[in-house]
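Protein sequence lines correspond, in order, to chains A and B.
If you want my numbering, it's the 1-based position in the first sequence plus 5.
If you want my numbering, it's the 1-based position in the second sequence plus 5.
Cβ atoms here follow ideal geometry from the backbone N, Cα and C, with glycine treated the same way.
Only one structure is covered here, and it is reproduced in the block below.
Protein chains: 2
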Amino acid sequence: MCADEAGAADAGARRRRRGGRAGGAARRPAVEQPPFRQYRLSYPPTPVVSTDELESVHESALQILEEIGVDILHDEARALLRDAGADVAANGGRVRFDRGLVEWAIRQAPSEFTLHARDPAKSLRIAGETTAFSSVASTPNCACLDHGRRAGNMADFETFIRLGQMLTAVQLWGGYPTEPADVHPSIRHLDALHAILTLSDKALHAYSLGETRNLDALEMVRLARGIDAATLDREPSIYTVINASSPLRLDGPMLAGALAFARHNQPVVLTPFTLAGAMAPVTIAGAVAQQNAEALAGLVVTQVARPGAPFVYGGFTSNVDMKSGAPAFGTPEFMKATLLGGQLARRYGLPYRASNVNAANALDAQAAYESVFSLWAAVQGGANLLFHGAGWMEGGLCASFEKMVLDADLLGMVGAFLTPLQTDADGLALSAVREVGPGGHYFGTAHTRARYKTAFFGPMISDWRNNEAWAEAGRPEALNRAHAIYKALIAGYEQPPMDPAIAEALAAFVARRKREGGAPTDF
Amino acid sequence: MCADEAGAADAGARRRRRGGRAGGAARRPAVEQPPFRQYRLSYPPTPVVSTDELESVHESALQILEEIGVDILHDEARALLRDAGADVAANGGRVRFDRGLVEWAIRQAPSEFTLHARDPAKSLRIAGETTAFSSVASTPNCACLDHGRRAGNMADFETFIRLGQMLTAVQLWGGYPTEPADVHPSIRHLDALHAILTLSDKALHAYSLGETRNLDALEMVRLARGIDAATLDREPSIYTVINASSPLRLDGPMLAGALAFARHNQPVVLTPFTLAGAMAPVTIAGAVAQQNAEALAGLVVTQVARPGAPFVYGGFTSNVDMKSGAPAFGTPEFMKATLLGGQLARRYGLPYRASNVNAANALDAQAAYESVFSLWAAVQGGANLLFHGAGWMEGGLCASFEKMVLDADLLGMVGAFLTPLQTDADGLALSAVREVGPGGHYFGTAHTRARYKTAFFGPMISDWRNNEAWAEAGRPEALNRAHAIYKALIAGYEQPPMDPAIAEALAAFVARRKREGGAPTDF
Numbered sequence: 006m007c008a009d010e011a012g013a014a015d016a017g018a019r020r021r022r023r024g025g026r027a028g029g030a031a032r033r034p035a036v037e038q039p040p041f042r043q044y045r046l047s048y049p050p051t052p053v054v055s056t057d058e059l060e061s062v063h064e065s066a067l068q069i070l071e072e073i074g075v076d077i078l079h080d081e082a083r084a085l086l087r088d089a090g091a092d093v094a095a096n097g098g099r100v101r102f103d104r105g106l107v108e109w110a111i112r113q114a115p116s117e118f119t120l121h122a123r124d125p126a127k128s129l130r131i132a133g134e135t136t137a138f139s140s141v142a143s144t145p146n147c148a149c150l151d152h153g154r155r156a157g158n159m160a161d162f163e164t165f166i167r168l169g170q171m172l173t174a175v176q177l178w179g180g181y182p183t184e185p186a187d188v189h190p191s192i193r194h195l196d197a198l199h200a201i202l203t204l205s206d207k208a209l210h211a212y213s214l215g216e217t218r219n220l221d222a223l224e225m226v227r228l229a230r231g232i233d234a235a236t237l238d239r240e241p242s243i244y245t246v247i248n249a250s251s252p253l254r255l256d257g258p259m260l261a262g263a264l265a266f267a268r269h270n271q272p273v274v275l276t277p278f279t280l281a282g283a284m285a286p287v288t289i290a291g292a293v294a295q296q297n298a299e300a301l302a303g304l305v306v307t308q309v310a311r312p313g314a315p316f317v318y319g320g321f322t323s324n325v326d327m328k329s330g331a332p333a334f335g336t337p338e339f340m341k342a343t344l345l346g347g348q349l350a351r352r353y354g355l356p357y358r359a360s361n362v363n364a365a366n367a368l369d370a371q372a373a374y375e376s377v378f379s380l381w382a383a384v385q386g387g388a389n390l391l392f393h394g395a396g397w398m399e400g401g402l403c404a405s406f407e408k409m410v411l412d413a414d415l416l417g418m419v420g421a422f423l424t425p426l427q428t429d430a431d432g433l434a435l436s437a438v439r440e441v442g443p444g445g446h447y448f449g450t451a452h453t454r455a456r457y458k459t460a461f462f463g464p465m466i467s468d469w470r471n472n473e474a475w476a477e478a479g480r481p482e483a484l485n486r487a488h489a490i491y492k493a494l495i496a497g498y499e500q501p502p503m504d505p506a507i508a509e510a511l512a513a514f515v516a517r518r519k520r521e522g523g524a525p526t527d528f
Numbered sequence: 006m007c008a009d010e011a012g013a014a015d016a017g018a019r020r021r022r023r024g025g026r027a028g029g030a031a032r033r034p035a036v037e038q039p040p041f042r043q044y045r046l047s048y049p050p051t052p053v054v055s056t057d058e059l060e061s062v063h064e065s066a067l068q069i070l071e072e073i074g075v076d077i078l079h080d081e082a083r084a085l086l087r088d089a090g091a092d093v094a095a096n097g098g099r100v101r102f103d104r105g106l107v108e109w110a111i112r113q114a115p116s117e118f119t120l121h122a123r124d125p126a127k128s129l130r131i132a133g134e135t136t137a138f139s140s141v142a143s144t145p146n147c148a149c150l151d152h153g154r155r156a157g158n159m160a161d162f163e164t165f166i167r168l169g170q171m172l173t174a175v176q177l178w179g180g181y182p183t184e185p186a187d188v189h190p191s192i193r194h195l196d197a198l199h200a201i202l203t204l205s206d207k208a209l210h211a212y213s214l215g216e217t218r219n220l221d222a223l224e225m226v227r228l229a230r231g232i233d234a235a236t237l238d239r240e241p242s243i244y245t246v247i248n249a250s251s252p253l254r255l256d257g258p259m260l261a262g263a264l265a266f267a268r269h270n271q272p273v274v275l276t277p278f279t280l281a282g283a284m285a286p287v288t289i290a291g292a293v294a295q296q297n298a299e300a301l302a303g304l305v306v307t308q309v310a311r312p313g314a315p316f317v318y319g320g321f322t323s324n325v326d327m328k329s330g331a332p333a334f335g336t337p338e339f340m341k342a343t344l345l346g347g348q349l350a351r352r353y354g355l356p357y358r359a360s361n362v363n364a365a366n367a368l369d370a371q372a373a374y375e376s377v378f379s380l381w382a383a384v385q386g387g388a389n390l391l392f393h394g395a396g397w398m399e400g401g402l403c404a405s406f407e408k409m410v411l412d413a414d415l416l417g418m419v420g421a422f423l424t425p426l427q428t429d430a431d432g433l434a435l436s437a438v439r440e441v442g443p444g445g446h447y448f449g450t451a452h453t454r455a456r457y458k459t460a461f462f463g464p465m466i467s468d469w470r471n472n473e474a475w476a477e478a479g480r481p482e483a484l485n486r487a488h489a490i491y492k493a494l495i496a497g498y499e500q501p502p503m504d505p506a507i508a509e510a511l512a513a514f515v516a517r518r519k520r521e522g523g524a525p526t527d528f
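See the structure below:
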């Protein structure tokens with residue numbers, strides 16, 4: 006396992022280490038990072054279409070819901086929808102939604118909520134004015150520079166949890182960073198959530214794969230937070246992302262989990278996976294109209310289950326390579342779809358989820374440019390929850406330890422970008438300009454000296470040395486620096502404290518549920 | 006020279022080649038690119054400060070100009086300013102500008118103009134609603150994957166011109182892509198401009214290094230376009246970028262060139278190089294206030310020389326690494342400064358110049374993320390002229406052939422992002438959704454088939470193959486793919502036609518001016 010190796014930090018990490026006599030000075034972190042904090046979306050979001058055009062996308066989605074309908078592949082969900090006045094076909098799963106029901110559901114869902122973490126300092130607002138950054142999720146493979154690419158497994162999973170716990174820019178978990186495929190599916194959720202809850206104190210996610218797993222997850226997070234069921238019901242503490250099986254279909258296991266969470270007042274993020282040209286129309290407006298219909302259908306399901314249950318509108322429309330059919334991410338089409346999804350979510354007063362994605366096979370320039378294009382769209386689109394924020398590669402088929410570090414650095418830069426400029430007298434610095442005057446320099450002025458340590462964001466990875474110094478250091482590239490930082494962070498990992506009684510109760514629950522056989526795998 | 010080698014295209018380029026029987030089908034380009042075209046800034050620019058805060062930055066700049074002043078190191082410029090009512094010190098270069106004079110100059114300068122290219126189809130609007138992408142400029146070194154890093158020289162310079170001529174996203178020249186340092190400074194401008202004017206038909210730039218060079222440039226572009234002096238005076242056909250010698254100083258050789266161009270109605274781009282913490286206050290608002298004072302001082306100089314002369318407001322404020330003093334680019338501070346510069350330029354009704362920059366030593370993830378952060382700021386900041394658009398590395402100390410290709414691809418993506426979504430009935434695709442229905446797929450529908458070839462931007466470099474196929478192809482990274490495309494483009498280079506009489510007149514002018522000794526080098 007990569008995590009078990011002693012990491013030899015290269016110059017990129019070393020130069021950020023502070024000195025300290027052996028056994029003497031207080032321990033300093035091996036890697037300097039900004040503190041854990043949520044950022045406000047300080048700038049107005051960018052509209053990609055006019056208000057009239059937005060209405061036509063909204064109208065198109067309503068028409069899809071009314072005329073074509075959505076397959077809701079879950080008996081109980083259909084029964085709830087029938088009771089609420091939806092047109093539910095006698096045979097098959099087709100449900101048609103009239104606009105009154107959709108508009109009712111939009112009014113029920115809250116525009117914001119707090120997602121509580123085990124460490125209260127790491128609880129997050131999911132709201133119109135803020136953004137929150139999650140880890141990568143749901144990759145079948147993982148990779149690091151030392152050991153290459155391999156299938157997801159529990160040891161690497163735990164290393165990702167340790168790494169994400171150490172990275173301040175990873176603010177919550179977005180599911181399993183890599184699938185621990187070596188743990189049997191019946192008990193995987195128990196071991197995986199137990200690892201997240203004990204190795205980390207950040208807010209977390211549970212997969213919706215039938216009701217049992219979600220109920221197990223609710224109990225585990227209740228135990229871990231040391232709260233009673235009524236408090237859990239007041240305080241959203243775990244969320245689930247469900248996808249539509251596009252086009253226009255919501256499947257049974259996901260709906261079962263979503264219903265369980267909605268009924269317990271836990272957030273459901275509904276993200277249609279609408280690849281334009283494959284599972285959705287080849288035109289982006291059409292693909293997003295379909296995305297919108299699917300998201301609104303899911304919204305209605307959660308709101309008929311429990312009016313007011315927290316819900317997040319997820320946008321994930323991208324395009325395929327029309328030569329090969331391969332999905333593409335971080336493309337211009339993805340960017341426009343992300344902006345349009347944000348406009349729709351704001352129209353509905355719902356929190357918005359976007360993603361930090363790419364389709365690169367290596368942590369090269371492509372991985373970086375597709376990721377930053379994604380971040381551009383997420384920030385300008387007003388994303389309140391950035392999913393796959395750190396570690397995603399290969400269109401979601403692989404999680405990379407080095408990419409998690411690199412993305413955390415990108416997220417730190419985004420956070421610094423979102424931090425407003427200081428424009429008071431100190432910020433305008435007229436007195437410093439007066440002091441220095443034409444032809445002078447600012448290095449030595451009092452204004453500079455008082456601020457130089459904190460004036461600028463200090464990235465972990467960016468190497469700004471001149472070419473000679475860089476060549477002398479062995480020409481490290483961003484991948485090498487990210488690797489060294491990953492190793493240094495794992496070497497310095499500290500498990501967050503947990504009350505022993507809570508730890509015992511949690512372990513006992515997991516042991517009991519394993520004895521009982523875990524959860525069904527026949528979905 | 007890299008350019009002289011036969012390029013063996015790797016899979017990345019090869020898969021974009023179209024088949025064709027030997028000696029049969031018409032010749033197709035080796036690399037598919039979007040056509041040459043300017044993009045509209047379709048989305049509203051992002052304000053980084055409120056209107057009140059913007060006014061305080063503007064006010065601070067006016068106070069700097071009134072109270073502190075700017076050193077104008079050119080006798081004639083000072084005389085013009087004195088005649089216009091500025092407060093010109095009897096000794097030394099200090100000039101103080103009252104706000105009335107500044108506001109007068111702001112009113113004189115046009116909000117937009119056309120920059121004419123030798124090929125009229127490549128003339129560009131420099132205006133509030135459009136953006137134009139330039140090549141890299143002014144690097145002392147250059148590099149390619151085959152031959153590594155070397156000092157700028159005329160052979161590599163010419164290869165850059167050929168490459169930029171072939172890249173449709175490189176819309177105009179931004180100066181010398183790399184400095185042809187092996188040509189004597191007295192005649193360098195003659196050889197370099199002659200190469201640009203004959204190897205390319207795109208709009209171009211001349212350096213301001215004393216009046217003589219600029220007058221030579223005017224005559225060369227007049228000859229190359231085959232126009233008379235009066236037409237040249239009506240039609241801006243060559244531009245110059247001058248920097249302030251920050252803080253608050255405009256030097257003699259640059260002012261001499263700027264005056265020559267302004268008097269002939271050719272555009273002057275004034276770009277203060279205000280590194281926060283070094284040549285400007287450590288606070289970004291303070292650095293931009295100083296930038297603004299310097300830009301407005303330059304504006305006044307051009308407008309007293311010729312009221313109405315085209316002028317572009319340049320923003321280039323970035324920060325330094327406060328540990329080493331090294332300049333940094335594409336940082337969060339750079340982004341905010343770029344947005345703020347755009348707000349100021351719009352306040353003044355002046356076209357805005359921003360840049361595509363990074364400080365990386367390798368074409369790695371850092372080069373890409375810093376570049377895309379720069380592009381994010383430029384687009385959202387409303388840049389009408391993107392300088393250093395393609396090829397910049399190492400904070401401007403090196404131009405890279407592969408980076409020029411990669412950046413051209415990024416610019417293509419930006420252009421596709423700026424292309425508005427289609428939201429009419431065809432775009433909304435309701436009939437296709439109806440046809441496919443829940444659970445279907447769109448690959449085979451008529452709506453998809455009619456559009457799949459043109460629905461999405463096709464990048465040159467992005468490799469979206471799955472991991473297995475990519476590994477089988479030898480794990481090419483973005484750098485390798487960019488290299489192959491560079492080689493393929495140079496192999497397919499075609500010199501744009503030029504009337505033989507014009508070519509002869511241009512060559513005769515260069516030969517005569519060389520015989521005369523070129524231009525002084527004693528600045």
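Residue nearest to B:Val246 within the set B:Ser360, B:Arg45 and B:Asp57 is B:Ser360 (criterion: CA-CA distance). Within 9 Å of the CB of B:Ile69, the CB atoms of chain A belong to Leu435, Val438 and Arg439, in sequence order along the chain.
Membership of B:Ala395 in the beta strand (DSSP E) is indicated by the continuous run Leu390 to Ala395. The stretch 143-152 of chain A and the stretch 103-119 of chain A do not touch, with fewer than three beta-carbon pairs separated by less than 8 Å.
Taking a beta-carbon distance threshold of 7 Å, A:Ala208 does not count as an interface residue toward chain B. Chain-ordered, the chain A residues with CB closer than 7 Å to the CB of B:Leu411 read Ala370. Secondary structure of B:Val141 (DSSP, three-state): coil. According to DSSP, residue pairing for B:Ala156 in a beta bridge involves B:Asn146.
At a cut-off of 7 Å between C-beta atoms, A:Asn389 does not count as an interface residue with respect to chain B. Scanning its chain for C-beta atoms nearer than 6 Å, with the 5 sequence neighbours on each side dropped, one finds around A:Asp161 the residues Cys147 and Thr183, in chain order.
A residue is called buried once 16 or more other Cβ atoms fall within 10 Å of its Cβ, and A:Gln295 is buried on that count. With a contact defined as Cβ atoms closer than 8 Å, A:Ala404 and A:Val141 qualify at about 5 Å. Ranking B:Ile243, B:Ala476, B:Gly420 and B:Glu477 by CA distance to the CA of B:Leu46 puts B:Gly420 first. Counting of Cβ neighbours within 10 angstroms places A:Lys408 among the buried residues, the total reaching 16 or more. Among the residues of the stretch 271-286 of chain B, those with a Cβ less than 8 Å away from any Cβ of chain A are Ala281, Gly282, Ala283, Met284, Ala285 and Pro286, in the order of the chain. The Cβ atoms of B:Gly215 and B:Ala261 sit closer than 7 Å to each other. Counting along the chain, A:Thr217 sits inside the alpha helix (DSSP H) bounded by residues Glu216 to Arg230.
Under DSSP, B:Val246 shares a beta bridge with B:Val274. For a Cβ distance threshold of 8 Å, residue set Thr288 of chain B lies close to A:Asp431, ordered along the chain.
A:Phe514 and A:Leu228 have their C-alpha atoms spaced approximately 9 Å apart.
Apart from sequence neighbours up to five positions away, the residues of its chain that approach A:His79 with a beta-carbon distance below 7 Å are Gly257, Leu260 and Ala261, ordered along the chain. In the three-state DSSP reduction, A:Ser61 falls in the helix class (H, G or I). In terms of Cβ geometry, B:Leu345 and B:Val309 do not form a close pair [threshold 7 Å]. Counting only runs of 4+ residues, the alpha helix (DSSP H) found wholly inside the stretch 318-385 of chain A occupies 337-353 and 370-385, in chain order.
The beta-carbon separation of A:Asn270 and A:Ala314, rounded to 6 Å, stays under the 8 Å limit for a contact. Counting only Cβ-Cβ distances below 8 Å, A:Glu58 has contacts in chain B at Leu426 and Thr428, in chain order. DSSP places A:Arg311 in no beta strand (DSSP E); its state is neither H nor E.
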